[in-house]
Structure formats: structure tokens, C-alpha cells
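If you use the UniProt record's numbering, the sequence shown corresponds to residues 1 to 248, in order.
Backbone N, C-alpha and C define an ideal beta-carbon position, used for all residues, glycine too.
Quick caveat, the model's predicted, so the values are computed rather than measured.
What follows is a set of notes on a single structure, which appears directly below.
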Amino acid sequence: MSERITRNGRTLAYNHTPGTGPGVVFLGGFASDMQGTKALALEAWAGGAGRAFLRLDYSGHGDSEGAFTDGCIGDWFADALAVIEGVTTGPQILVGSSMGGWISLLIARERPDLVAGLVTIAAAPDFTEDGMWPSFSDAQRQQIMTDGQISVPSDYGDPYVITRRLIEDGRDRLVLRSPLPLPFPVRMVQGTADTAVSTATALRLLEHADGPDIRLTLVRGADHRFSEPDEIALIERSVDEVLHRLRA
1 MSERITRNGR TLAYNHTPGT GPGVVFLGGF ASDMQGTKAL ALEAWAGGAG RAFLRLDYSG
61 HGDSEGAFTD GCIGDWFADA LAVIEGVTTG PQILVGSSMG GWISLLIARE RPDLVAGLVT
121 IAAAPDFTED GMWPSFSDAQ RQQIMTDGQI SVPSDYGDPY VITRRLIEDG RDRLVLRSPL
181 PLPFPVRMVQ GTADTAVSTA TALRLLEHAD GPDIRLTLVR GADHRFSEPD EIALIERSVD
241 EVLHRLRA
């Protein structure tokens with residue numbers, strides 16, 4: 001049963017398993033929820049180790065209140081912060097998948113006191129500006145500015161509704177245009193067959209971020225879901241490696 005916390009009048013759903021710290025926090029992707037394969041597998045892994053674990057739904061996602069089309073990167077960043085601050089104790093290891101990678105980087109930049117380490121899975125920093133906006137035709141750009149939204153196909157089900165607010169707010173949350181200090185262990189994993197986030201994005205993040213212990217692992221043939229058993233095992237090893245580096 002999901003637990004609840006309220007931010008700005010909206011109820012956010014989360015699952016928190018108590019245990020030793022630093023805890024692990026899973027931050028999911030765009031239009032995803034906390035019931036995904038990676039989130040549940042990591043929860044089971046953390047539970048087996050007796051480690052605290054948190055997964056959550058941003059507003060408009062999963063079991064949380066709100067309409068998806070009302071949200072933006074800034075809202076979902078604030079949602080994640082509200083749950084982390086309200087539920088966890090001490091710095092956490094953030095595991096950010098796709099858009100969750102962007103949100104985890106925003107938390108690391110704005111609230112480094114909350115972060116003990118970071119693991120990203122096909123991280124998609126700045127994707128609204130570098131991925132979505134350039135892919136739109138002139139007609140689509142005009143439509144989103146005049147009508148406030150457009151609908152675009154998705155490889156994962158129903159079409160995505162992309163709003164003007166999502167695009168414009170994203171421009172205020174970019175992390176690849178200004179210094180990005182990551183002064184803790186960071187492990188990034190990326191599939192070479194990912195059609196949503198390119199290896200060029202992963203390499204750009206690796207080159208841009210500033211920190212003493214940052215490593216990127218490329219997995220040949222892995223796609224954006226990164227949910228095959230071997231890929232899940234790599235995520236778990238990456239979290240374990242961050243924990244080992246913290247102990248050392």
C-alpha cells in the first residue's frame with residue numbers, strides 16, 4: 001500500500017522501506033510510475049540488504065494526484081524534494097532513470113546536502129530543449145506556442161501530450177549549460193541501442209560534470225528500458241559500488 005505526503009495541496013504517493021543508511025531513492029522517468037521493473041527490483045535488492053529504500057510518483061504520475069499535462073520539470077523536481085525531505089534521514093543515494101536522471105542532477109546541484117552518491121540509468125538531462133524542441137517541425141512549434149500543447153507519438157503506449165509550460169520551464173532547469181559539481185561517487189549506465197537517449201548525451205554529461213569519482217558504463221545492445229536481468233544486475237552493482245566507495 002502506497003503512503004501519502006502532501007505538497008501544494010496535491011497528494012504524492014510513495015513507498016518507503018526502513019533500513020540502514022544511506023538509503024536508496026529511485027526517481028523514475030517521464031510519464032512512468034513507481035511500479036516499474038527497475039524500481040521494484042531495486043526495492044527487493046535493498047530489502048535483502050536491510051537498506052532503506054524510497055520510490056515515489058511525481059504529481060500527475062502513477063498514484064499521485066494531479067494531471068500529467070499540468071506538470072513540468074520544476075514541479076516534479078519539487079515533488080521529489082518534498083518526499084525525500086519528508087521521509088528520509090541523512091544523505092541518500094539517488095538512482096535516476098531517464099528524466100529521473102535529470103531530476104537527480106537538479107537535486108545534486110541545488111541540494112547537495114541530500115546526496116551521498118548518484119547512479120543514473122540512461123539519464124536524460126535537458127531533454128525538453130535538446131531532444132524534444134529540435135525534433136518539432138515549424139508547424140508543431142507554432143502550435144505549441146499558440147495552443148499550449150501538441151500530441152506526439154510514444155514508443156511506450158499512448159501519445160505524449162507536450163505542453164508549452166513543459167518546454168519553457170525546462171529552459172529554466174538546464175544542467176548542461178552551467179557548472180555541475182558532483183562531489184560524490186557517481187556511476188552512469190547507458191545502452192548503445194537506446195533510441196530515446198543517445199550515447200552522445202551520456203558522453204556529454206560525463207565530460208560536463210565535475211567530480212572526483214565519475215564513471216560511465218556503456219552496454220552494447222541495451223535499449224532505453226534497461227530492464228533485462230543482466231541490466232538490472234548492473235544497476236544493483238553500480239549502487240553497491242557507490243556504497244563501497246562511501247565506506248572507503
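Can at least three beta-carbon pairs, one atom from the region 181–196 and one from the region 103–120, be found at a separation below 8 Å?
Flag = yes, the region 181–196 and the region 103–120 touch.
Is the Cβ-Cβ distance between G19 and F53 less than 8 Å?
For the purposes of this step, residue 19 is taken as the residue at position 19 of the sequence shown. For the purposes of this step, residue 53 is taken as the residue at position 53 of the sequence shown. Contact: yes.
Enumerate, from N- to C-terminal direction, the unbroken beta strand (DSSP E) stretches of 3 or more residues contained entirely within the region 62–109.
As far as the region 62–109 is concerned, its whole beta strand (DSSP E) runs of at least 3 residues are 92–97.
Return the first residue and the last residue of the beta strand (DSSP E) that M132 is part of.
As a working note, residue 132 is residue 132 in the sequence shown. Looking at the DSSP string, M132 is not in any beta strand (DSSP E), and its letter there is neither H nor E.
Got a sec? Which residues, its chain only, sit under 8 Å from P212 by beta carbon, not counting five neighbours each side?
The residue labelled residue 212 in the question sits at position 212 within the sequence shown. Closer than 8 Å at the Cβ level, and outside the excluded window around P212, lie P183.
Give the DSSP-derived three-state secondary structure of V175 in the structure shown.
As a first step, residue 175 must be located in the sequence shown, where it is residue number 175. Looking at V175 - three-state DSSP - the assignment turns out to be coil, as it is neither helix nor strand.
Please work out which residues of its chain come closer than 8 Å, Cβ to Cβ, to L234, disregarding the five sequence neighbours upstream and downstream, and give them in chain order.
The sequence position of residue 234 within the sequence shown is 234, counting from 1. Correct list, in chain order: V189, T217 and V219.
E207 to G23, Cα distance in whole Å?
Locating residue 207 in the sequence shown gives position 207, where the first residue counts as 1. Locating residue 23 in the sequence shown gives position 23, where the first residue counts as 1. The alpha-carbon atoms of E207 and G23 are separated by roughly 28 Å.
Tell me which residues share the same chain as L40 and place their Cβ nearer than 7 Å to its Cβ, disregarding the 5 neighbours each side in the sequence.
As a first step, residue 40 must be located in the sequence shown, where it is residue number 40. The answer is none, since no qualifying residue turns up.
Among E3, F226, V239 and A248, which residue has its Cα nearest to the Cα of A122?
Taking the first residue of the sequence shown as 1, we reach residue 122 at position 122. Minimum Cα distance to A122 is reached at F226.
Less than 7 Å between C-beta atoms, sequence neighbours within five positions excluded: which residues of the same chain meet that for E241?
As a first step, residue 241 must be located in the sequence shown, where it is residue number 241. R187.
Going along the chain, which unbroken runs of the beta strand (DSSP E) with 3 or more residues stay wholly within the region 172–212?
DSSP runs (the beta strand (DSSP E)) wholly in the region 172–212: 186–191.
Cβ atoms of G191 and D223: under 8 Å apart, would you say?
Numbered from its first residue, the sequence shown carries residue 223 at position 223. Numbered from its first residue, the sequence shown carries residue 191 at position 191. Yes. Within cutoff.
Classify residue 258: buried if its beta carbon has 16 or more other beta carbons within 10 angstroms, exposed otherwise.
The question about residue 258 has no answer, for the chain in this structure spans 1 to 248.
Looking only at its chain, what residues have a beta carbon closer than 6 Å to the beta carbon of S98, apart from the 5 residues adjacent to it on each side?
Residue 98 sits at position 98 when you count from the first residue of the sequence shown. The answer, listed in chain order, is G29, A122 and A124.
Since I believe R204 is in contact with L176 (beta carbons under 8 Å), could you give me their beta-carbon distance rounded to a whole number of angstroms?
Locating residue 176 in the sequence shown gives position 176, where the first residue counts as 1. Locating residue 204 in the sequence shown gives position 204, where the first residue counts as 1. About 6 Å separates the two Cβ atoms, so the contact holds.
For the pair the region 99–107 and the region 161–177, tell me if three or more CB-CB distances fall below 8 Å.
The region 99–107 is in contact with the region 161–177.
Terminal residues of the continuous beta strand (DSSP E) containing G221?
Within the sequence shown, numbered from 1, the residue matching residue 221 stands at position 221. From DSSP, G221 is part of no beta strand (DSSP E); its letter is neither H nor E.
Whole angstroms are fine: how far does the CA of V25 sit from the CA of Q92?
As a working note, residue 92 is residue 92 in the sequence shown. As a working note, residue 25 is residue 25 in the sequence shown. The alpha-carbon atoms of Q92 and V25 are separated by roughly 7 Å.
Do M34 and R55 have their beta-carbon atoms positioned less than 8 Å apart in this structure?
Along the sequence shown, read from residue 1 onward, the residue named residue 55 stands at position 55. Along the sequence shown, read from residue 1 onward, the residue named residue 34 stands at position 34. Yes, the Cβ-Cβ distance between R55 and M34 is below 8 Å.
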